[in-house]
Amino acid sequence: MSSTLVLGCMWGDEAKAKIVDYLGKDTDVVVRFQGGNNAGHTIVTGGKKYVFHAIPSGILYPKTKCFIGSGVVIDPFDLLEEIKLLESNGLKLDKRLFIDQRAGIVLPLHKILDERNEKRLAEAKIGTTKRGIGPAYSDLTARVGIRFLDLAYPDYLKSRVTELYRYHGIEISKAELENEIVPLLKAMEKLKHYINDVEVLLAIAEGNEERILFEGAQGALLDLTYGSYPYVTSSRVMTDAVGIGTGFSARNLDNVLGVYKAYCTRVGEGPFPTEIDDEIATRIRTTGNEFGSTTGRPRRIGWFDTVAAKYSARINTVDNFALTCLDVLSGLQQIKLCTAYKYHGHEIDLFIFHPMEMQNVKPIYEDFPGWEEDISACRSIGKLPKAAQLYLEAIEDYIKSNLMIVSVGKDRKQTFTIKP
Ligand code: IMP
Ligand code: MG
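Per our numbering, residue 261 is the first one in the sequence shown, and the count goes up by one each step.
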């Protein structure tokens with residue numbers, strides 16, 4: 261396969277980075293195409309833990325190039341911090357990291373607006389990561405946003421930033437404008453050698469038959485339109501977003517690998533039909549270290565929802581899927597799998613997402629026996645306890661896709677591919 265998309269298929273935090281990292285050894289280019297540093301991609305290798313926010317996690321492989329596509333929004337100051345941290349760990353980024361000139365800029369103003377919007381919404385808040393992601397995307401849509409390319413033209417940048425403030429009803433003085441522009445230009449000085457045209461670079465890479473891996477951030481159920489609106493992120497988190505966010509059409513993808521976790525989690529507000537909040541939830545949260553890697557918030561926990569999973573597989577034309585964190589379920593007596601919803605007295609298998617309908621949705625469960633064994637050393641399906649095998653088969657049947665990769669622990673090595 262020369263081009264593969266690794267896409268989170270639930271509400272994010274499916275341990276995508278672990279899968280990207282696992283596949284990374286056979287990859288020439290890793291590409292981010294949406295989201296920003298609201299993402300937190302954790303990789304554990306050689307006993308060391310790395311958390312990536314804007315930079316593609318492929319950067320850990322010294323020969324892999326990393327592209328940040330036009331669909332990503334970037335806070336230049338946070339990015340510089342992330343670069344500094346990686347460099348202090350001995351990683352070299354020069355001539356390996358390339359950022360598309362069209363990528364949007366997250367300004368300090370966007371963080372302020374994000375915080376303010378959430379405060380104003382109070383009870384109805386979205387539970388954002390407060391990284392300014394939503395306001396940055398909406399400004400780009402309103403055509404008042406700032407893009408990397410604009411930083412090359414200081415006078416133009418000044419007029420654009422002034423316009424942007426005006427758009428938000430804020431008049432800024434000359435001095436305030438300078439305070440905004442000078443640090444931006446300084447950051448740009450340090451970043452400019454990374455700026456390039458990712459669309460062109462991808463066309464070249466494809467021409468050279470390089471192996472390209474697209475790394476999704478967040479998850480498809482957080483997609484701006486197809487997710488549980490309005491409790492979603494502000495970018496497009498779908499297979500089709502690859503083309504929009506890089507210029508490399510999703511039609512060119514050879515393989516879409518969906519990533520699911522053996523149970524569900526969600527951070528932030530919004531519908532979550534299979535949510536549980538009991539001692540099993542606490543146990544899963546502790547064992548799985550289910551705390552946001554960006555915000556540290558405890559993640560909400562729930563049973564695997566095959567209705568949502570099937571919907572996600574369908575809208576993203578998932579070819580194969582990876583199942584992560586199976587080891588976290590070890591030791592549970594019983595595991596529940598949501599196979600349908602009870603909705604106004606009917607049994608349905610359609611994903612319902614309107615907030616006003618959620619109280620009418622009740623998950624219907626099939627119970628599976630758990631397993632006691634520690635499975636973290638298993639490297640094939642046949643080595644897994646029978647109960648775990650049955651659970652995986654059921655998930656495969658319900659979501660109508662092929663299980664290709666299983667992850668049984670945090671380390672790069674604790675992963676295996678199922679031979680077709
Ligand atoms: P925003 O993307 O910061 O605007 O947040 C919108 C919603 O998406 C909130 O529910 C966040 O918790 C969620 N979200 C954003 N990024 C991630 C992520 O990387 N993993 C999981 N949830 C996320
Ligand atoms: Mg995450």
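Backbone N, C-alpha and C define an ideal beta-carbon position, used for all residues, glycine too.
Exposed unless 16 or more other CB atoms sit within 10 angstroms - verdict on residue 492: Numbered from 1 along the sequence shown, position 232 holds the residue referred to as residue 492. By the 10 Å Cβ count, residue 492 comes out buried.
Meets three-Cβ-pair contact criterion under 8 Å: the stretch 620 to 630 and the stretch 589 to 606: yes
Beta-ladder partner(s) of residue 524, from DSSP: Within the sequence shown, numbered from 1, the residue matching residue 524 stands at position 264. Answer by DSSP bridge pairing, in chain order: 562.
Between the CA atoms of residue 311 and residue 408 - distance to the nearest angstrom: The residue labelled residue 408 in the question sits at position 148 within the sequence shown. The residue labelled residue 311 in the question sits at position 51 within the sequence shown. One C-alpha to the other measures close to 24 Å.
Distance between beta carbons of residue 394 and residue 374, contact taken as under 8 Å: Along the sequence shown, read from residue 1 onward, the residue named residue 374 stands at position 114. Along the sequence shown, read from residue 1 onward, the residue named residue 394 stands at position 134. About 6 Å separates the two Cβ atoms, so the contact holds.
Distance cut-off 7 Å: residue 553 Cβ against heavy atoms of the ligand MG: Counting from one through the sequence shown, the residue named residue 553 turns up at place 293. Yes; taking the cut-off as 7 Å, the Cβ of residue 553 has a heavy atom of the ligand MG nearer than that.
Spatial distance of residue 320 from residue 454 (CA atoms): Stepping through the sequence shown from its first residue, residue 320 is reached at position 60. Stepping through the sequence shown from its first residue, residue 454 is reached at position 194. Their Cα atoms are separated by approximately 17 Å.
Cβ-heavy atom distance, residue 415 to the ligand IMP, below 7 Å: Looking up residue 415 in the sequence shown gives position 155. False, no ligand heavy atom lies under 7 Å from that Cβ.
CA nearest to the CA of residue 324, picked from 566, 486, 314 and 351: What you label residue 324 is simply residue 64 of the sequence shown in a count that begins at 1. For residue 324, the nearest C-alpha among the options comes from 351.
CB contact flag (residue 410, residue 420, <8 Å): Taking the sequence shown and counting its residues from 1, one reaches residue 410 at position 150. Taking the sequence shown and counting its residues from 1, one reaches residue 420 at position 160. Yes.
Rounded straight-line distance, which links the Cα of residue 365 to that of residue 335: Within the sequence shown, residue 335 is the residue found at index 75, counting from 1. Within the sequence shown, residue 365 is the residue found at index 105, counting from 1. For residue 335 and residue 365, the distance between alpha carbons rounds to 6 Å.
Between the CA atoms of residue 294 and residue 495 - distance to the nearest angstrom: For the purposes of this step, residue 495 is identified with residue 235 of the sequence shown, where counting begins at 1. For the purposes of this step, residue 294 is identified with residue 34 of the sequence shown, where counting begins at 1. Their backbone Cα atoms lie some 6 Å apart in a straight line.
Check: residue 391 C-beta below 7 Å from any heavy atom of the ligand IMP: Residue mapping note: residue 391 aligns to position 131 of the sequence shown, counting from 1. For the ligand IMP, at least one heavy atom lies less than 7 Å from the Cβ of residue 391.
Buried versus exposed call for residue 314 [16 or more other C-beta atoms within 10 Å across all chains shown]: Mapped onto the sequence shown, residue 314 falls at position 54. It counts as buried.
Contact test: residue 298 Cβ vs the ligand IMP heavy atom, cutoff 7 Å: Reading the sequence shown from its first residue, position 38 is the one you call residue 298. Yes, since a heavy atom of the ligand IMP falls inside the 7 Å radius drawn around the Cβ of residue 298.
contact_flag[the stretch 478 to 488, the stretch 342 to 349] where n(CB pairs < 8 Å) is 3 or more: no
Beta-ladder partner(s) of residue 580, from DSSP: Reading the sequence shown from its first residue, position 320 is the one you call residue 580. Paired residue(s): 517 and 662.
Cross-strand partners of residue 357 (DSSP beta bridge): Mapped onto the sequence shown, residue 357 falls at position 97. Looking at the DSSP assignment, residue 357 forms a beta bridge with 326.
Span separating the alpha-carbon of residue 266 from that of residue 435: Taking the sequence shown and counting its residues from 1, one reaches residue 266 at position 6. Taking the sequence shown and counting its residues from 1, one reaches residue 435 at position 175. Cα to Cα, the separation comes out at about 45 Å.
Residue 442, DSSP secondary structure in three states: What you label residue 442 is simply residue 182 of the sequence shown in a count that begins at 1. Residue 442: helix per DSSP, three-state reduction.
Residue environment, residue 616, which counts as buried when at least 16 other CB atoms sit within 10 Å: Numbered from its first residue, the sequence shown carries residue 616 at position 356. Burial call: exposed.
Local Cβ density within 10 Å of residue 427, reported as buried at 16 or more and exposed below that: Locating residue 427 in the sequence shown gives position 167, where the first residue counts as 1. With fewer than 16 Cβ atoms within 10 Å of its Cβ, residue 427 is classed as exposed.
Segment limits, beta strand (DSSP E) that includes residue 606: Numbered from its first residue, the sequence shown carries residue 606 at position 346. Here the beta strand (DSSP E) through residue 606 covers 606 to 608.
Secondary structure of residue 268, DSSP reduced to three states: Along the sequence shown, read from residue 1 onward, the residue named residue 268 stands at position 8. In the structure shown, residue 268 sits in a strand (DSSP, three-state: E or B).
Inter-residue Cα distance where the pair is residue 519 and residue 581: As a first step, residue 519 must be located in the sequence shown, where it is residue number 259. As a first step, residue 581 must be located in the sequence shown, where it is residue number 321. So the alpha carbons of these two residues sit roughly 6 Å apart.
Those runs of the beta strand (DSSP E) which lie wholly inside the stretch 596 to 632 and span at least 3 residues: 606 to 608 and 621 to 629
Cα-Cα separation, residue 424 to residue 405: Against the sequence shown, residue 424 aligns to sequence position 164. Against the sequence shown, residue 405 aligns to sequence position 145. Using only the alpha carbons, I get a separation of about 7 Å.
Near the ligand IMP: residue 482 beta-carbon under 7 Å from a heavy atom: As a working mapping, residue 482 is identified with position 222 in the sequence shown. It does: the Cβ of residue 482 is within 7 Å (strictly closer) of some heavy atom of the ligand IMP.
Range covered by the beta strand (DSSP E) that runs through residue 310: Numbered from its first residue, the sequence shown carries residue 310 at position 50. Unbroken beta strand (DSSP E) run through residue 310: 308 to 312.
Distance between residue 303 and residue 278 (C-alpha atoms, nearest Å): Mapped onto the sequence shown, residue 278 falls at position 18. Mapped onto the sequence shown, residue 303 falls at position 43. The straight-line gap from Cα to Cα measures roughly 6 Å.
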